[in-house]
Amino acid sequence: VNYCEKNYPELLPNVSTCRSPMQMFASIIKEQNSTSSRRCVHVAVMPCTAKKFEAARDEFKVNAIPNVDYVITTQELIQMIKESGIIFEDLEPEAIDMPFGTMTGAGVIFGVTGGVTEAVLRRISSDKSGATLMSLAYTGVRGMKGVKDTTVMHGDKEIKIAIVSGLGN
80 VNYCEKNYPE LLPNVSTCRS PMQMFASIIK EQNSTSSRRC VHVAVMPCTA
130 KKFEAARDEF KVNAIPNVDY VITTQELIQM IKESGIIFED LEPEAIDMPF
180 GTMTGAGVIF GVTGGVTEAV LRRISSDKSG ATLMSLAYTG VRGMKGVKDT
230 TVMHGDKEIK IAIVSGLGN
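Here's what the structure looks like:
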């Protein structure tokens, strides 16, 4: 988004207005866990350093307080774990946190390139069968290839889709 804002502002109307999974989760966590007497601090572990810039954007702040307080990269987390001497093989297994009670595979695809597009295709599909959802996964919208395009049918309408990844595109 930042790259598009600075270099191709005329294309901004074509950029998804959907918040990133990091921002969606952060706003819900802050809303559900902050009270007047207690401040929730949200730390996000992300693979991309651009998430640090995203977290600092004004549109992701409420009363000048960011939804995501700190962002560390996965590489920074790995370094912290190494420096602390934690050995994963020595840790006892624990149950997964379930802050909302359920989870789905949609949360996994949402965080990958093309995942938002696939989530939209799943949502607008009138057929929610496993076969249909699997066929959507093979439309070619996910993955790291720079520019991908495809056409899908929605009822009697043909929908043309393009997914762009990477600054070189």
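Counting in my numbering, the sequence shown runs from 80 upward without gaps. Quick reminder that beta carbons are idealized off the backbone N, C-alpha and C, glycines included.
Nearest to Ser95 by CA position, among Gly164, Ala198, Ile166, is which residue? Numbered from 1 along the sequence shown, position 16 holds the residue referred to as residue 95. Ser95 has its Cα closest to that of Ala198, out of Gly164, Ala198, Ile166.
I'd like the list of long-range same chain contacts for Lys284, defined as Cβ closer than 6 Å, with 5 residues on each side in sequence excluded. Outside the shown range of the chain, which is 80 to 248, sits residue 284, and nothing can be said about it.
Kindly give me the distance between the Cβ atoms of Met101 and Val147, rounded to whole angstroms, as I take these residues to be in contact under 8 Å. In the sequence shown, the residue the question calls residue 101 occupies position 22. In the sequence shown, the residue the question calls residue 147 occupies position 68. Their Cβ separation, rounded to whole angstroms, is 6 Å, which keeps Met101 and Val147 in contact under 8 Å.
Mark Ile157 as exposed unless 16 or more other C-beta atoms lie within 10 angstroms of its C-beta, in which case mark it buried. Locating residue 157 in the sequence shown gives position 78, where the first residue counts as 1. That one is exposed.
Ser204 versus Glu237, Gly225, Cys119, residue with shortest Cα-Cα distance: Indexing the sequence shown from 1 puts residue 204 at position 125. Nearest of Glu237, Gly225, Cys119 to Ser204, Cα basis: Glu237.
Please report the residue range of the alpha helix (DSSP H) in which Met103 lies. Counted from its first residue, the sequence shown places residue 103 at position 24. From DSSP, the alpha helix (DSSP H) with Met103 extends over 100-112.
Member of Glu171, Ile242, Val122 whose CA lies at the smallest distance from the CA of Thr153: By one-based count along the sequence shown, residue 153 stands at place 74. Thr153 has its Cα closest to that of Val122, out of Glu171, Ile242, Val122.
Could you have a look at Asp228 and say whether DSSP puts it in helix, strand or coil? As a first step, residue 228 is located in the sequence shown; it is residue number 149 there, counting from the start. Strand at Asp228.
Using the Cα positions of Glu89 and Met232, report the straight-line distance between them to the nearest angstrom. Here residue 89 is taken as the residue at index 10 of the sequence shown, counted from 1. Here residue 232 is taken as the residue at index 153 of the sequence shown, counted from 1. C-alpha separation (whole angstroms): 28 Å.
Can you name, in chain order, every residue of its own chain whose Cβ lies under 7 Å from the Cβ of Thr128, other than the five neighbours on each side? The residue you call residue 128 lines up with position 49 of the sequence shown. The answer, listed in chain order, is Thr152.
Cβ-based burial, Met125 [other Cβ within 10 Å; buried from 16]: The residue you call residue 125 lines up with position 46 of the sequence shown. Met125 should be labelled buried.
Taking all protein chains shown into account, do 16 or more other C-beta atoms lie within 10 angstroms of the C-beta of Gly164, making it buried, or fewer, making it exposed? Along the sequence shown, one-based indexing puts residue 164 at 85. Label assigned to Gly164: exposed.
Answer with buried or exposed for Glu173, where buried requires no fewer than 16 other C-beta atoms within 10 angstroms of its C-beta. Reading the sequence shown from its first residue, position 94 is the one you call residue 173. When all chains shown are included, Glu173 counts as exposed.
Label Leu91 either buried or exposed according to how many other C-beta atoms from any shown protein chain fall within 10 Å of its C-beta, with 16 as the threshold for buried. Translated into positions along the sequence shown, residue 91 becomes position 12. Burial call: exposed.
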